[in-house]
Every structure is written in structure tokens, then in C-alpha cells.
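Numbering (this note's numbering), first residue to last: 1 to 103. Have a look at the structure below, then the notes.
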């Protein structure tokens, strides 16, 4: 009978230890999930930044690639430089706005 009581007490201690280990495992899983989420957020931020910075360039390229009459600045000898300056200005403004809002 005494041996049964000892085994019962040992089993209770083991079960108590298992409960503690279960809590520690749960906390570690939450920590790993938080780290993975943070890495994913950083990757999405970089992707969003690249998309925002490429938007003005793609928009202007799409407009000038339509091959229709009446394209602005087509007859102006400095037309390319005006458009390039506009694109760079819009991209710079978008980059400044994007990174200023981040801080």
C-alpha cells in the first residue's frame, strides 16, 4: 500500500512538472510567432516602399506608351528632361512622405 502511495505522489509531481512545461512551451510558441510576425511586417514594409517609389515611374511610362496623338511635350526639344525631372520629383516626394510618416 505504501508503494502505491509513493507512486501516486511521484505521479502527482510529474503531472505538476508537465503542467509547468506546457506553460513554458506555450510562451515559447507565442514568442516565436511574434518574431515571425515582426519579420513579415518588415518584409511587407520594404515591399510597400518599393511599390510606392515605383508608382510614378510606371504611371508616366504607361501614359507615354499609349501611342496616341497629343502627347504633351512631344514637340519640345527639352520635353524628355521635363518629364524626367517631374518623375524624379514625384518619386522623391513620395519617398520623403513615406519615410517621414514611418518615423
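Idealized CB from N, CA, C, for every residue including glycine.
Residue 94: member of the alpha helix (DSSP H) spanning 79-102, first to last residue. Sequence-distant Cβ neighbours of residue 79 in its own chain, meaning closer than 6 Å and more than five residues away, are 73. Residue range 2-64 is occupied by the alpha helix (DSSP H) that includes residue 61. Cβ-Cβ distances below 8 Å link residue 38 to nothing in the same chain once the five nearest sequence neighbours on each side are left out.
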